[in-house]
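Accompanying notes for the structure given below.
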Amino acid sequence: MRQFLEIVTSSFRLAMIELWKNKLRTFLSLFGVTIGIFCIIGVLATVNSLQTNIQTQLQALGNNTLYIDKWEWAGGPDYPWWKYITRPEPKIQEVEQIKERTRTAAHTAFFVSQTTEVELGDNV
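Under the numbering used here, the first residue of the sequence shown is numbered 775, with each subsequent residue one higher.
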């Protein structure tokens, strides 16, 4: 046990001497670690803020809201669009059937969106 304490003490003493001799390297190392910690804290705070913002926006839609759509809401580079392209477009008759058949639906709505170009004379 005594030998172990001597090894730990001499190692600590040697480390302190080296740190004292190489002040610039010590400062730069500590500065790099500090910047790294602040970067990690910044990224975590940003992700937490985004998550809170998304949850707040989804809660604004309501707890009892049901959306039926041809396409999935999530996107991204790995979005499997080929799975959804063959799905039929929702029709207004289907919305009316949902309204008639559900007892708990107080309101129903139908949303249509389309992108196209409009021309007037030479203006596009």
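Positions of the beta carbon are idealized from the N, C-alpha and C atoms, including for glycine.
The three-state reading of DSSP puts Leu894 in strand, counting E and B together.
Look at Phe805 here: in three-state DSSP terms it is helix.
Between the alpha carbons of Asn897 and Glu891 lies a gap of roughly 11 Å. Excluding its 5 nearest sequence neighbours in each direction, Trp845 has C-beta neighbours in its own chain below 6 Å: Tyr858, listed in chain order. Contact fails between the stretch 833-847 and the stretch 787-802, because fewer than three Cβ pairs, one in each stretch, are under 8 Å apart. At the C-beta level, Ala879 and Ile872 come within 8 Å of one another.
Taking the Cβ atoms as the reference, Ile866 lies roughly 5 Å from Phe884, within the contact range of under 8 Å. In this structure, the alpha-carbon of Met775 lies about 17 Å from that of Phe786.
Pairing Asp852 with Thr783, the inter-Cα distance amounts to about 56 Å.
The three-state reading of DSSP puts Val869 in helix, counting H, G and I together.
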